[in-house]
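Chemist: Below you'll find the structure I mean.
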Amino acid sequence: MFEEAAGPGLAVALATCDLSQVEGGTSVDALVAAGRLASWAQAMLLTATATVADRSPADFSGDEVAFSLHLTRRSAENQVALARDLRDRLPMVLAALREGRIDLARARVFSDVLTPAADHIARALVDKLLPKAEGWTAGQLRARLLKEMLTADPDAAAARYQRSVRERRVYLGGNDDTTANISAIFLPPQRAAAAYERVDAIARGLKNNGDERTLDQLRADVFCDLLSGVAITGAPIDRQGVVELLVPLDTLTGQTDTPGHLNGYGPVVADIARQVATAQTAQGVQDAAQALAAARHLPVAPAVATQWRYRVYDTDGRLLYTGITHIRPRTGQRPSQLTGTDEPPLPGMPTGQDPPDDPQRRDQTPPVMPCHAIPEAPGILRIRPLPANPPPSRDPTARHPSAPMRRWIAARDTTCRAPGCTHPARTCDIDHTKDHHHGGPTTDDNLGLLCRHHHRLKHETDHQVAQTEPGTFRWTTPHGKTHDVTGEGP
Numbered sequence: 001m002f003e004e005a006a007g008p009g010l011a012v013a014l015a016t017c018d019l020s021q022v023e024g025g026t027s028v029d030a031l032v033a034a035g036r037l038a039s040w041a042q043a044m045l046l047t048a049t050a051t052v053a054d055r056s057p058a059d060f061s062g063d064e065v066a067f068s069l070h071l072t073r074r075s076a077e078n079q080v081a082l083a084r085d086l087r088d089r090l091p092m093v094l095a096a097l098r099e100g101r102i103d104l105a106r107a108r109v110f111s112d113v114l115t116p117a118a119d120h121i122a123r124a125l126v127d128k129l130l131p132k133a134e135g136w137t138a139g140q141l142r143a144r145l146l147k148e149m150l151t152a153d154p155d156a157a158a159a160r161y162q163r164s165v166r167e168r169r170v171y172l173g174g175n176d177d178t179t180a181n182i183s184a185i186f187l188p189p190q191r192a193a194a195a196y197e198r199v200d201a202i203a204r205g206l207k208n209n210g211d212e213r214t215l216d217q218l219r220a221d222v223f224c225d226l227l228s229g230v231a232i233t234g235a236p237i238d239r240q241g242v243v244e245l246l247v248p249l250d251t252l253t254g255q256t257d258t259p260g261h262l263n264g265y266g267p268v269v270a271d272i273a274r275q276v277a278t279a280q281t282a283q284g285v286q287d288a289a290q291a292l293a294a295a296r297h298l299p300v301a302p303a304v305a306t307q308w309r310y311r312v313y314d315t316d317g318r319l320l321y322t323g324i325t326h327i328r329p330r331t332g333q334r335p336s337q338l339t340g341t342d343e344p345p346l347p348g349m350p351t352g353q354d355p356p357d358d359p360q361r362r363d364q365t366p367p368v369m370p371c372h373a374i375p376e377a378p379g380i381l382r383i384r385p386l387p388a389n390p391p392p393s394r395d396p397t398a399r400h401p402s403a404p405m406r407r408w409i410a411a412r413d414t415t416c417r418a419p420g421c422t423h424p425a426r427t428c429d430i431d432h433t434k435d436h437h438h439g440g441p442t443t444d445d446n447l448g449l450l451c452r453h454h455h456r457l458k459h460e461t462d463h464q465v466a467q468t469e470p471g472t473f474r475w476t477t478p479h480g481k482t483h484d485v486t487g488e489g490p
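As structure tokens, this is what we get:
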């Protein structure tokens, strides 16, 4: 019904449609059409903004825009900068906005993230990601663009990082309801993540001890108490989790500077990924345990070897294998075999395990790393054939998947499998796509990650979900609209 290209014809079609008289599916079509029309109007606004600015004196290019649109000078100057950047440097992005293929938020992400990039790099990344951006949220686009930027020019990315860290500072501001905000910006991501984890651990410890405040309230109060020197009663919960860092093996061993991914933050430059990884060696864990014990006036507990999970992908980003080790490959050494602690060994590989209480072995590099899918390190890693299958389900009729199967699903999906959702695996439920009580098996082609909200959406509404192939999900809304969600790989 709304097949017209974004522009005046589509505006007429929408204006003459009485949405109160159409069926649900048509109302969704109108929603999408109105979004395309809004993008077209935004592109026209930006084009006019750039034209008006060009006809003004250089030092006052934003003033006519500010007066005409009732904007502050700063807002007008920002709009002029965006308009000129899209028109002059990223015309393909402006064209996509004008055609209604992306919205203003995604156009702004392209401009913001690519501002420090050389023109040829910026245009190459637009060529690569613009078609995919049509199906992404602004947040998904930003994360992927940042990763590509760090990969395209790691030295420049590292320099930008160092410049920004030198600008770190704390802000105090007020809200209209007379409450206040305090925030720190430009922090090293590993320190920010550690600070948040500390606040969260204390808040959860208080909650577990019966505190009636919500977790959000507890985190806010703990944050203020720690900064203002107020004594906190109650110990943090003990965390014995997994390091939430995804880093290519060739980056970890210093062979390349491909960026890592710090869960809860996003892409990080290679040096930061290696720093986070180094902190998870047995010595790093022991040092952290000693510092925590000293602060709490407790005896030092023996360090537990950090659990490392490795993933092997093919060149198309398809997960081939995942496993666990307590041994971290060390920088500058030849990576070799990782033997999982509870997965079946690969064909032809020994079954020995590394005892977690042997400090002489915790930080050694194991003997042969299964690396069928790491083309970035040619000649460095020995290639072995790997099974392209998930761990077998011990009992497809069982209600809950095995630990290896849970790890496989988390590694394959990485985030909630609802359209546009980026909740990380550690915050998600593992859902049976076809309900278990309706005969759905506990196998990889019937399991997937869903955050609690989308888990409830699937079960409490008429939304339907199917796996068209393992890891590819098709959502059908109550109005009959379909949305496919596929994995992006590492």
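All residue numbers for the sequence shown refer to the working numbering, where the first residue is 1 and numbers rise by one.
Think of the CB as a built atom: it goes at the ideal place given N, C-alpha and C, for glycine as much as any other residue.
#1: In the DSSP assignment, the beta strand (DSSP E) including residue 68 goes from what residue to what residue?
#2: Please determine, among 152, 178, 179 and 188, the residue with the shortest C-alpha to C-alpha distance to residue 169.
#3: Apart from the five residues just before and just after residue 47, which ones in its own chain have a Cβ nearer than 6 Å to its Cβ?
#4: Can you list, in chain order, the residues of its chain whose CB lies under 6 Å from that of residue 298, leaving out five sequence neighbours each side?
#5: How long is the line joining the alpha carbons of residue 366 and residue 310, rounded to whole angstroms?
#6: Distance, Cα to Cα, residue 125 vs residue 111?
#7: Buried or exposed: residue 446, going by 16 or more other Cβ atoms within 10 Å of its Cβ?
#8: Tell me, to the nearest whole angstrom, how far the beta carbon of residue 258 is from that of residue 151; I am working on the premise that it is less than 8 Å.
#9: According to DSSP, is residue 478 part of a helix, a strand, or is it coil?
#10: Which residue comes first and which comes last in the beta strand (DSSP E) that contains residue 45?
#11: Going by CA-CA distance only, name the one from 64, 267, 220 and 420 that's closest to residue 76.
#12: With DSSP run on the structure shown, which of helix, strand or coil describes residue 138?
#13: Does DSSP put residue 473 in a helix, a strand or coil?
#14: What first and last residue would you give for the alpha helix (DSSP H) that runs through residue 100?
#15: Using only alpha-carbon positions, find the residue among 101, 100 and 106 that is nearest to residue 82.
#16: Closest to residue 218 by CA distance: which of 204, 19 and 249 is it?
#17: If the criterion is Cβ atoms closer than 8 Å, does the pair residue 262 and residue 249 meet it?
#18: Can you name, in chain order, every residue of its own chain whose Cβ lies under 8 Å from the Cβ of residue 436, other than the five neighbours on each side?
#19: With which residues is residue 170 paired in a DSSP beta bridge?
#20: If the criterion is Cβ atoms closer than 8 Å, does the pair residue 473 and residue 417 meet it?
#21: May I ask you to verify whether the segment 114 to 129 touches the segment 18 to 38, counting CB pairs closer than 8 Å and requiring at least 3?
#22: What first and last residue would you give for the beta strand (DSSP E) that runs through residue 232?
#23: What whole-angstrom Cβ distance do residue 142 and residue 113 have, given they're in contact under 8 Å?
#24: Could you check which residue in 73, 233, 463 and 120 has the C-alpha nearest to that of residue 478?
#25: Between residue 69 and residue 93, which are expected to be in contact by the criterion C-beta below 8 Å, what is the C-beta distance as a whole number of angstroms?
#26: Are the CB atoms of residue 431 and residue 450 nearer to each other than 8 Å?
#27: Under a Cβ-count criterion, where at least 16 other Cβ atoms within 10 Å of its own Cβ denotes burial, should residue 148 be classed as buried or exposed?
#28: Give every residue of the same chain whose Cβ lies closer than 8 Å to the Cβ of residue 14, excluding the five residues on either side of it in the sequence, and list them in chain order.
#29: Identify whether residue 86 lies in helix, strand or coil by the three-state DSSP scheme.
#30: So, using beta-carbon positions, are residue 232 and residue 185 closer together than 8 Å?
#31: Leaving aside the five residues before and after residue 22 along the sequence, list all residues of the same chain whose C-beta is less than 6 Å from its C-beta, in chain order.
#32: Label residue 270 either buried or exposed according to how many other C-beta atoms from any shown protein chain fall within 10 Å of its C-beta, with 16 as the threshold for buried.
#33: Which same chain residues end up closer than 8 Å to residue 144 when comparing Cβ atoms and leaving out the 5 residues on each side of it in sequence?
#34: Considering only C-alpha positions, which residue in the set 272, 251, 391 and 216 is nearest to residue 323?
#35: List the DSSP bridge partners of residue 464.
Modeler: Answer, in terms of the structure:
#1: Per DSSP, residue 68 is not a residue of any beta strand (DSSP E); the alpha helix (DSSP H) it occupies stretches across 63 to 69.
#2: From the listed residues 152, 178, 179 and 188, the smallest Cα separation to residue 169 is found for 188.
#3: Answer for residue 47: no residue qualifies.
#4: Residue confidence for residue 298 is low, a pLDDT of 47 falling below 50, so the modelled location carries little weight; the figure read from the coordinates is stated next. The beta carbon of residue 298 lies closer than 6 Å to none in the same chain, with the five residues before and after it left out.
#5: Per-residue confidence for residue 366 stands at a pLDDT of 33, beneath the threshold of 50, marking its modelled position as unreliable; no derived number is given.
#6: For residue 125 and residue 111, the distance between alpha carbons rounds to 12 Å.
#7: Flag for residue 446 reads buried.
#8: In this structure residue 258 touches residue 151 by the C-beta definition: roughly 6 Å separates them, less than 8 Å.
#9: Of the three classes helix, strand and coil, the one that applies to residue 478 here is coil, per DSSP.
#10: Note, residue 45: premise wrong, no beta strand (DSSP E); alpha helix (DSSP H) at 24 to 54.
#11: Ranked by how close their Cα comes to the Cα of residue 76, the residues 64, 267, 220 and 420 have 64 in first place.
#12: Note: residue 138 maps to helix in three-state DSSP.
#13: The DSSP-derived three-state label of residue 473 is strand.
#14: Run containing residue 100: none; DSSP gives neither H nor E here.
#15: In this structure, 106 is the residue among 101, 100 and 106 with its C-alpha nearest to the C-alpha of residue 82.
#16: For residue 218, the closest alpha carbon among the candidates 204, 19 and 249 is that of 204.
#17: No, they are not a contact pair.
#18: 399 and 442, listed in sequence order.
#19: Residue pairing by DSSP places residue 170 opposite 184 in a beta bridge.
#20: It is a contact, given that the beta carbons lie within the stated cut-off.
#21: Three or more beta-carbon pairs separated by less than 8 Å are not found between the segment 114 to 129 and the segment 18 to 38, which leaves the two stretches without contact.
#22: Counted as a single uninterrupted DSSP element, the stretch harbouring residue 232 is not any beta strand (DSSP E), since DSSP gives it neither H nor E.
#23: Confirmed, about 6 Å.
#24: When only C-alpha atoms are compared, the closest one is 463.
#25: Wrong, their Cβ atoms sit about 22 Å apart, outside the cutoff.
#26: Yes, the Cβ-Cβ distance between residue 431 and residue 450 is below 8 Å.
#27: Under the 10 Å beta carbon count, residue 148 is surrounded by 16 or more other beta carbons and is classified as buried.
#28: Correct list, in chain order: 2, 30, 33, 34 and 37.
#29: Residue state, collapsed to three classes: helix.
#30: No, the Cβ-Cβ distance between residue 232 and residue 185 is not below 8 Å.
#31: For residue 22, where only same-chain residues beyond five positions count, there are no Cβ hits under 6 Å.
#32: With at least 16 other beta carbons inside 10 angstroms of its own, residue 270 counts as buried.
#33: 129, 132, 136 and 488, listed in sequence order.
#34: It is 391.
#35: Its beta-bridge partners are 476.
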